[in-house]
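Visitor:
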Amino acid sequence: MSDKLIIFDTTLRDGEQSPGASMNKDEKLRIARQLERLRVDVIEAGFAASSNGDFEAVQCIANAIKDSTICSLSRANDRDISRAAEALKGANSARIHTFIATSALHMEKKLRMTPDQVFEQARLAVRFARNLVNDVEFSPEDGYRSDVDFLCRVIEAVINEGATTINVPDTVGYAVPELYGAFIKNLRERIPNSDKAIWSVHCHNDLGMAVANSLAGIKIGGARQVECTINGLGERAGNCSLEEVVMAVKTRRDYFQLDLGIDTKHILAASRMVSQTTGFIVQPNKAVVGANAFAHASGIHQDGVLKARDTYEIMRAEDVGWSANKIVLGKLSGRNAFKQRLLELGAQMSSEVEINAAFSKFKELADRKSEIFDEDILALVSDESVTNEKEQYGFVSLSQHSETGERPQATIVFTIDSKEVQGSSDGNGPVDASLKAIESHVKSGAEMVLYSVNAISGSTESQGEVTVRLQDGGRVVNGVGADPDIVVASAKAYLSALNKLHNKSDRVAAQG
Ligand code: KIV
Ligand code: ZN
């Protein structure tokens, strides 16, 4: 048994299934590049057969990413598996992950299939996939609630057909650590050919135990792959969080005795990128990546940390990408210093053109804000106007007036296909007036399903980061904008969401 724990990231597949978290191809590629920097072993890039958008995203990631294995999910049928193989053609290392439900409840009520039919379909699917790629993962969906005898039968058969990884999902987050660990151990002991595959854990967080269950599956059950997502993103209460499971195994190496390939200093940048892209804000007290994760508020703790940091710190903030030197750059900083800081933050950009665009945004910001924090830089890197040169809508300027007892008014100038237009409106507040001023021209008719504001770096001098989620005809998109003026940030976020709605070609649908 290998002593390395394989990190299988499914932010772009299971994470993306979270309502409102769907991402387009460019966003997925940007996150995939960050996962590669993080040195994630396997990136589940999507579910190629679920939509053309998802197919293209898997294909584009398979062509671009060279250091991680790229995986596509597929149901246990020939069409899905062929689509996955087709999308993965350009990958240096490709994996097909095929699944079918094995619990009595799912087989009877969802699939309307008998156990024998499911058994046969699982076997044939793995056989078919193995003819297309060497690396095939099989998941018995709702595995943890499946009959153990039946599960043993299915798993033994798919290993005989050549499955190289067996993943045991706790699809509905029902497990508790000791029982889940013992469940995996029992399967491995009972299945005669269990040593021919790597065992994997996949836990959902409905009872808040996804990380604990995964760790038990590793420690008690002997699993050597963990499936996880950045920030624990995922359907309902989400998946096992990558940053937590990785830092638990790393910090408690004395107990787990497992090696990891992960370069943990890129964790924070990955967390910021996923949060900004999806609009799913990270709670301040979230382990590892929350704003307070390394903040010591009580006098006793502060005193202890100043005397010897390990009195209250079990991990070093720098090891996951937090900077000790919070104020990093100002308006006199040059392009090289900016580029160097991007490197240190693990937020490299993919071309010199992007670096130039980000640097000119940085200069604009530095003119208005004397201290530029790491968080400001990470927000710049995620700004779509930096990474996408061609956008339909672009922000130019905004003026608004609000006074107690009077209805706020806003006038906005923005571009539509590079041509400047101006719109004015009143509204319940300055943000409402500004967004209505945009709508007065665009007339998208989209419904706003989320509006949220987050201070990027603590104080009132901070930039506001706004997320706007729009829904139109079954499509849901997120727009993010950052600016020291939160009304401007809101207008930018709204225009960014409209750009995504407009860009129908790269639409990516979440798994149905
Ligand atoms: O939770 C689950 O069962 C899944 C499978 C498709 C692996 O995501
Ligand atoms: Zn899942």
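Per this note's numbering, the very first residue in the sequence shown carries number 2; after that it's consecutive. By construction, the Cβ of each residue, glycine as well, lies at the ideal position given by its N, Cα and C atoms.
1) When DSSP labels each residue in this structure, what does K197 get in the three-state scheme?
2) Which of the three DSSP states is assigned to N500 in this structure?
3) If you draw a straight line from the alpha carbon of A511 to that of S425, how long is it in whole angstroms?
4) Taking 8 Å as the limit between beta carbons, can you name the residues of its chain near L106, skipping five residues before and five after?
5) Less than 9 Å separating the beta-carbons of E236 and S19?
6) May I ask you to verify whether the stretch 464 to 483 touches the stretch 434 to 452, counting CB pairs closer than 8 Å and requiring at least 3?
7) From the DSSP output, in three-state form, read off T461 for me.
8) In terms of DSSP beta bridges, what is C229 paired with?
9) Using 10 angstroms around the beta-carbon of A85, count the other beta-carbons present and answer buried if the total reaches 16, otherwise exposed.
10) Tell me whether E138, by its Cβ, gets closer than 8 Å to a heavy atom of the ligand ZN.
11) If I measure Cβ to Cβ from S506 and keep anything under 6 Å in the same chain, skipping five residues before and after, which residues do I get?
12) Going along the chain, which residues of its own chain have a beta-carbon closer than 7 Å to the beta-carbon of R131, five neighbours each way excluded?
13) When you measure from the CB of D15 to every non-hydrogen atom of the ligand KIV, does any distance come out below 8 Å?
14) In whole angstroms, give me the CA-to-CA distance for N78 and I97.
15) On the three-state DSSP scale, how would you describe R508?
16) Just to check, is the beta-carbon of N240 closer than 8 Å to a non-hydrogen atom of the ligand ZN?
17) With a 10 Å radius around its C-beta and 16 neighbouring C-beta atoms as the bar for buried, classify R342 as buried or exposed.
18) Can you give the Cα-Cα distance for V59 and D117, rounded to whole angstroms?
19) Got a sec? Which residues, its chain only, sit under 6 Å from G513 by beta carbon, not counting five neighbours each side?
20) Quick one: any contact between the stretch 173 to 193 and the stretch 247 to 254, if contact means 3 or more CB pairs under 8 Å?
21) With DSSP as the reference, label P20 as helix, strand or coil.
22) Using a Cβ-Cβ cut-off of 8 Å (strictly less than) and excluding sequence neighbours within five positions of L502, which residues of its own chain qualify?
23) Evaluate contact between the stretch 29 to 40 and the stretch 256 to 268, counting only Cβ atoms and requiring at least three cross-stretch pairs below 8 Å.
24) Assuming A176 and C204 make a contact with CB atoms under 8 Å, what is their CB distance in whole Å?
25) Just grab the DSSP bridge partners of A72 for me.
26) Per DSSP, which one or two residues make a beta bridge with I101?
27) Would you tell me roughly how many angstroms separate the C-alpha atoms of N500 and G395, rounded to the nearest one?
28) Which of the three DSSP states, helix, strand or coil, is assigned to D4?
29) Check each candidate in G300, E314, H302, D304 and name the one with the smallest Cα separation from A288.
30) For A213 versus L243, is the C-beta distance shorter than 9 Å?
31) How big is the Cα-Cα spacing for D55 and D27?
32) To the nearest whole angstrom, what separates the beta carbons of E466 and A490, a pair I think is in contact under 8 Å?
33) Strictly by DSSP, which residues pair up with Q136?
34) Do L74 and the ligand KIV come close, with the Cβ less than 8 Å from some heavy atom?
35) For N64 and V202, I'd like the C-alpha separation in whole angstroms.
36) Taking only the alpha-carbon atoms, compute the straight-line gap between E407 and T468 and give it to the nearest angstrom.
Guide: Short version:
1) By 1-based counting over the sequence shown, the position of residue 197 is 196. Reduced to three states, the DSSP call for K197 is helix.
2) Along the sequence shown, read from residue 1 onward, the residue named residue 500 stands at position 499. Helix at N500.
3) In the sequence shown, the residue the question calls residue 511 occupies position 510. In the sequence shown, the residue the question calls residue 425 occupies position 424. Here the model assigns A511 a pLDDT of 41, short of 50, so the residue's position is not dependable, and the following value carries that caveat. Their Cα atoms are separated by approximately 36 Å.
4) The sequence position of residue 106 within the sequence shown is 105, counting from 1. If we look at L106 and ignore the five residues flanking it on each side, its Cβ neighbours are D143, R146.
5) Looking up residue 236 in the sequence shown gives position 235. Looking up residue 19 in the sequence shown gives position 18. Result yes, Cβ atoms of E236 and S19 sit closer than 9 Å.
6) yes
7) Counted from its first residue, the sequence shown places residue 461 at position 460. Coil, per DSSP.
8) By 1-based counting over the sequence shown, the position of residue 229 is 228. Its beta-bridge partners are D10.
9) Here residue 85 refers to the residue found at position 84 when the sequence shown is read from its first residue. Label assigned to A85: buried.
10) Taking the sequence shown and counting its residues from 1, one reaches residue 138 at position 137. Because no heavy atom of the ligand ZN lies under 8 Å away, the Cβ of E138 does not count as near it: no.
11) Along the sequence shown, read from residue 1 onward, the residue named residue 506 stands at position 505. Legend: pLDDT at S506 = 45, less than 50; position of this residue unreliable, value from coordinates given subsequently. Correct list: empty, nothing qualifies.
12) What you label residue 131 is simply residue 130 of the sequence shown in a count that begins at 1. For R131, where only same-chain residues beyond five positions count, the Cβ hits under 7 Å are V137, E162, G163.
13) What you label residue 15 is simply residue 14 of the sequence shown in a count that begins at 1. Correct: D15 has its Cβ closer than 8 Å to the ligand KIV.
14) If you number the sequence shown from 1, residue 78 lands on position 77. If you number the sequence shown from 1, residue 97 lands on position 96. Approximately 12 Å, taken between the alpha carbons.
15) Within the sequence shown, numbered from 1, the residue matching residue 508 stands at position 507. For R508, the pLDDT reaches just 42, beneath the cut-off of 50, and the residue's location in the model is therefore unreliable, leaving the point undetermined.
16) Counted from its first residue, the sequence shown places residue 240 at position 239. Under cutoff, so the answer is yes.
17) Working through the sequence shown from its first residue, we reach residue 342 at position 341. Buried, because 16 or more other Cβ atoms sit within 10 Å of the Cβ of R342.
18) To locate residue 59, count along the sequence shown from 1; it is residue 58. To locate residue 117, count along the sequence shown from 1; it is residue 116. Roughly 32 Å between the two C-alpha positions.
19) Stepping through the sequence shown from its first residue, residue 513 is reached at position 512. At G513 the pLDDT is 35, less than 50, meaning the model places this residue with poor confidence and gives no usable figure here.
20) no
21) Residue 20 sits at position 19 when you count from the first residue of the sequence shown. In the structure shown, P20 sits in coil (DSSP, three-state: anything other than H, G, I, E or B).
22) Mapped onto the sequence shown, residue 502 falls at position 501. Within the same chain, L502 has close Cβ partners S445, A447, L471, D473, R476, V478.
23) yes
24) Mapped onto the sequence shown, residue 176 falls at position 175. Mapped onto the sequence shown, residue 204 falls at position 203. Right, their Cβ atoms sit about 7 Å apart.
25) Start at 1 with the first residue of the sequence shown, and residue 72 comes out as number 71. For the sequence presented, residue 72 should be read as Cys rather than Ala. Bridge partners of C72: E45, R96.
26) For this step, residue 101 is matched to residue 100 along the sequence shown. BP columns for I101 point to P141.
27) Mapped onto the sequence shown, residue 500 falls at position 499. Mapped onto the sequence shown, residue 395 falls at position 394. Distance between the alpha carbons of N500 and G395: 9 Å.
28) The residue given as residue 4 occupies position 3 in the sequence shown. D4: coil per DSSP, three-state reduction.
29) Translated into the one-based positions of the sequence shown, residue 288 becomes position 287. For A288, the nearest C-alpha among the options comes from E314.
30) In the sequence shown, the residue the question calls residue 213 occupies position 212. In the sequence shown, the residue the question calls residue 243 occupies position 242. Contact flag unset, no.
31) Taking the sequence shown and counting its residues from 1, the one referred to as residue 55 is at position 54. Taking the sequence shown and counting its residues from 1, the one referred to as residue 27 is at position 26. Spanning the two alpha carbons is a distance of roughly 11 Å.
32) For the purposes of this step, residue 466 is identified with residue 465 of the sequence shown, where counting begins at 1. For the purposes of this step, residue 490 is identified with residue 489 of the sequence shown, where counting begins at 1. With a Cβ gap of about 7 Å, E466 and A490 count as contacting.
33) In the sequence shown, residue 136 corresponds to position 135, counting from 1. The sequence shown places Asp at residue 136, rather than the Gln named in the question. BP columns for D136 point to R96.
34) In the sequence shown, residue 74 corresponds to position 73, counting from 1. Yes, the ligand KIV has a heavy atom inside 8 Å of this Cβ.
35) For this step, residue 64 is matched to residue 63 along the sequence shown. For this step, residue 202 is matched to residue 201 along the sequence shown. Looking at the two C-alpha atoms, the distance is approximately 27 Å.
36) To locate residue 407, count along the sequence shown from 1; it is residue 406. To locate residue 468, count along the sequence shown from 1; it is residue 467. Roughly 27 Å separates the two Cα atoms.
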